[in-house]
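Undergrad:
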Amino acid sequence: MTQPAPERVDPKLLLAIVATGLMAFIGILTEAMTNVLFPTLMEEFHIGTAMVSGSLQAICSSSRS
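The numbering of the sequence shown is the working numbering, which starts it at 1 and goes up by one.
#1: For Val36, count neighbouring Cβ atoms within 10 angstroms of its own Cβ and tell me buried if that reaches 16, exposed if not.
#2: Could you check what DSSP says for Val9 in three-state terms: helix, strand or coil?
#3: Just to confirm, are Thr49 and Phe38 a CB contact at a threshold of 8 Å?
#4: In whole angstroms, what is the alpha-carbon distance linking Ile47 and Ala19?
Right, here's the structure in full:
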């Protein structure tokens, strides 16, 4: 009896799966970094949470341009 030919996964599909996993990992890593970074920045510069959050959002949005 002959064995069926193995099914091939489309390379674009495989790339999309890997990219999605990588983006999810980076998102979780960014959230963890932010949880650690906020208190340190607040203590170092003697500022509140709103100032730290706004500053980081401004930095992130300017680096995308």
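The C-beta atom is built at its ideal place from N, Cα and C for all residues, glycine as well.
TA: Let's see:
#1: Val36 is classed as exposed because its beta carbon has fewer than 16 other beta carbons within 10 Å across all chains shown.
#2: Under the three-state reduction of DSSP output, Val9 falls in the coil class, being neither helix nor strand.
#3: In this structure, Thr49 places its C-beta atom within 8 Å of the C-beta atom of Phe38.
#4: Cα-Cα distance, rounded: 37 Å.
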